[in-house]
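Visitor:
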Amino acid sequence: MNLRYLTWLLAAVIALPATASDYPLSVRSCARDVTFAQAPQRVVVHDVNMTAMLLHLGLRERIVGYTGFTRNKHRDPWIDQALDGVPQLASRYPSIETLLAADTQLFFAGWNYGMHVGGPVTPVTLAPFGIAVYELSESCSWVMPQPRASVGDVYRDLDNLGRIFSVEPRAQALEAQMRERIATVRAAVAHKSQRPRVFLYDSGEDRPTTSGRLGMPQALIDAAGGNNVMEDVNASWTQVNWESVVERDPQVIMIVDYGPQSWQAKRDFLLRQPALKDVQAIRDQRFVVLSYLQVTPSVENAQAIEVLAEALHPQSPPVAQP
527 MNLRYLTWLL AAVIALPATA SDYPLSVRSC ARDVTFAQAP QRVVVHDVNM TAMLLHLGLR
587 ERIVGYTGFT RNKHRDPWID QALDGVPQLA SRYPSIETLL AADTQLFFAG WNYGMHVGGP
647 VTPVTLAPFG IAVYELSESC SWVMPQPRAS VGDVYRDLDN LGRIFSVEPR AQALEAQMRE
707 RIATVRAAVA HKSQRPRVFL YDSGEDRPTT SGRLGMPQAL IDAAGGNNVM EDVNASWTQV
767 NWESVVERDP QVIMIVDYGP QSWQAKRDFL LRQPALKDVQ AIRDQRFVVL SYLQVTPSVE
827 NAQAIEVLAE ALHPQSPPVA QP
């Protein structure tokens, strides 16, 4: 994230008045109603995108620990700076014991973002210990039927978190800024007759990890004026085979920049694969790079849509903000 943009955003958030929510209150979390007698004071958050969401909401002092990511999972130094002094409780998924040791009141996580269906840490297993769980909306497809992913999933989370923590004006300001930026992009690409075919490459050599219609990348590609070549796959983050990529012949490959491999190493791997040599994106060497934070549900989705739209429609790019 651009430092100037971060400074502006933090100043804007700090300037907003805090409006007290009426407690007790209930919010919808996937298929559950979760009731809060008061705003949680001790929060453990999983993964970088949900952590960033809380930071954008001005909730740094409520975070008593984070799980699920290390510095090589993201390329966002501002998050490391903001979390200075906050302990990493687990590099992967936390245990119940870890959450209890932190005296956790709320675990902000998601399905396959800190919790597995049938795993040891779920809303059901944490309830006896008095630990509430708010689930990332995009991840609800793992536990209930969901429509095609949309940025509305992020708006829903901002709205709910604003209510839970009694920071509704801050949540509303973030949502309004996202809506304005995305609307600008949609207007700029609405007249385009061609919507380039896009394949998201996350990682994987034998089988690539990508995103189907239920993952946030679907919403980003839709808003940026492209077609996700895997939109017929009724899944969020999933693995496919290389043959299906070749058959769909993407014109643009979106590389997720995170993990131990650089985006350049991922690109070079794709360029070396004989099976992909006739894929149009490989022939044209047409790649766009986005961070893990940008492609997972987050405030940064607005910026991701701007970057992606400029890559898909370079002749008349929307005006991107820093």
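According to our numbering, the sequence shown is numbered sequentially starting from 527.
Beta carbons are placed, not taken as given, at the ideal position from N, Cα and C, and that holds for glycine.
None of the values given here were measured: they were computed from a predicted structure.
From the DSSP output, which residues share a beta bridge with I779?
Guide: I779 is bridged to F725 and F813.
Visitor: So, with DSSP's three-state summary, where would you put T533?
Guide: For T533, the pLDDT reaches just 44, beneath the cut-off of 50, and the residue's location in the model is therefore unreliable, although a value from the coordinates is still provided. Three-state DSSP puts T533 in a helix.
Visitor: I need the DSSP call for Y660, collapsed to helix, strand or coil.
Guide: Of the three classes helix, strand and coil, the one that applies to Y660 here is strand, per DSSP.
Visitor: How many angstroms separate the CA atom of R774 from the CA atom of V755?
Guide: Straight-line Cα distance between these residues: approximately 6 Å.
Visitor: Is the separation between the beta-carbon of S617 and that of T630 shorter than 7 Å?
Guide: Not in contact: S617 and T630 (Cβ atoms no closer than 7 Å).
Visitor: Closest by CA to V766, which one among D783, G730, N753 and P743?
Guide: Taking only the C-alpha atoms, the option nearest V766 is G730.
Visitor: Is there contact between the segment 606–622 and the segment 645–661, where contact requires at least three CB pairs shorter than 8 Å?
Guide: Result yes; three or more Cβ-Cβ pairs closer than 8 Å.
Visitor: As a quick exercise: from A830, A761 and L797, pick the residue whose alpha carbon is nearest that of R674.
Guide: Comparing Cα-Cα distances from R674 to each of A830, A761 and L797, the minimum goes to A761.
Visitor: Give me the Cα-Cα distance between E836 and D548, rounded to the nearest whole angstrom.
Guide: Roughly 43 Å separates the two Cα atoms.
Visitor: Under a Cβ-count criterion, where at least 16 other Cβ atoms within 10 Å of its own Cβ denotes burial, should K792 be classed as buried or exposed?
Guide: It is buried - the Cβ of K792 has at least 16 other Cβ atoms within 10 Å.
Visitor: To the nearest angstrom, report how far apart L838 and V711 are at their CA atoms.
Guide: Answer to the nearest angstrom: the Cα atoms are 12 Å apart.
Visitor: Below 8 Å, can you find three or more Cβ-Cβ pairs linking the segment 694–701 to the segment 745–752?
Guide: These segments do not touch.
Visitor: Note down, one range per segment and in chain order, each beta strand (DSSP E) of at least 3 residues found wholly within the segment 610–668.
Guide: Those beta strand (DSSP E) runs which fall completely within the segment 610–668 and span 3+ residues are 614–616, 632–637 and 658–661.
Visitor: Helix, strand or coil, according to DSSP, for I831 in the structure here?
Guide: Of the three classes helix, strand and coil, the one that applies to I831 here is helix, per DSSP.
Visitor: Go ahead and label A653 buried or exposed: buried means 16 or more other beta carbons lie within 10 angstroms of its beta carbon, across all protein chains shown.
Guide: With fewer than 16 Cβ atoms within 10 Å of its Cβ, A653 is classed as exposed.
Visitor: With a threshold of 8 Å on Cβ separation, who are the neighbours of N638 within its own chain once the five nearest residues in sequence on each side are excluded?
Guide: Counting only Cβ-Cβ distances below 8 Å, and skipping sequence neighbours, we find S665, W668, S762 and W763.
Visitor: Quick check: W789 and I781, are their CB atoms within less than 7 Å of each other?
Guide: Yes.
Visitor: Any idea if H850 is buried or exposed, counting beta-carbon neighbours within 10 angstroms, 16 or more meaning buried?
Guide: One cannot answer for residue 850 here, as it falls past the ends of the chain, which runs 527 to 848.
Visitor: Checking 7 Å against the spacing of the C-beta atoms, do P880 and L662 come in under that value?
Guide: Because the chain here runs from 527 to 848, residue 880 falls outside it and cannot be looked at.
Visitor: Within a Cβ cutoff of 6 Å, which residues of the same chain sit near Q672, ignoring the five residues on either side of it in sequence?
Guide: Only C666 and L740 meet the Cβ criterion.
Visitor: Would you mind giving the Cβ-Cβ distance between A578 and I605, rounded to the nearest angstrom? I have them listed as a contact below 8 Å.
Guide: Confirmed, about 6 Å.
Visitor: Between D685, L684 and R812, which has its C-alpha nearest L797's C-alpha?
Guide: Ranking the options by Cα distance to L797, first place goes to R812.
Visitor: CA-CA distance, A563 and A627?
Guide: Whole-angstrom Cα-Cα distance: 22 Å.
Visitor: I need the straight-line Cα distance from A541 to E769, nearest angstrom please.
Guide: Residue placement at A541 is flagged as unreliable, the pLDDT there being 44, under the threshold of 50; the coordinate-derived value follows with that caveat. Cα to Cα, A541 sits roughly 52 Å from E769.
Visitor: Alpha carbon to alpha carbon, what distance is there between Q703 and A538?
Guide: The predicted model places A538 with a pLDDT of 46, which falls under 50 and marks its position as unreliable, so this point remains unresolved.
Visitor: So, at 6 Å on beta carbons, what are the nonlocal neighbours of D573 in its own chain, with the 5 sequence-adjacent residues on each side left out?
Guide: Within the same chain, D573 has close Cβ partners G594, F595 and Y639.
Visitor: For F691 and C556, what's the separation of their Cα atoms in angstroms?
Guide: Whole-angstrom Cα-Cα distance: 18 Å.
Visitor: Considering only their Cβ atoms, is the gap separating Y727 from H600 smaller than 7 Å?
Guide: Not a contact, by the Cβ cut-off of 7 Å.
Visitor: Taking the DSSP output, what are the residues bridged to D763?
Guide: Asp is not the amino acid found at residue 763; the sequence shown has Trp there. DSSP output for W763 lists S737 as bridge partner(s).
Visitor: Given this structure, state the Cα-to-Cα distance separating P776 from M670, to the nearest angstrom.
Guide: Going from the Cα of P776 to the Cα of M670 covers about 30 Å.
Visitor: Given this structure, state the Cα-to-Cα distance separating T533 from D804, to the nearest angstrom.
Guide: With a pLDDT of only 44 at T533, under 50, the local geometry of the prediction cannot be trusted, and the value read off the model is given with reservation. Their backbone Cα atoms lie some 45 Å apart in a straight line.
Visitor: Can you list, in chain order, the residues of its chain with a C-beta nearer than 7 Å to that of T648? Leave out the 5 residues immediately preceding and following it.
Guide: Result list for T648: M641, in chain order.
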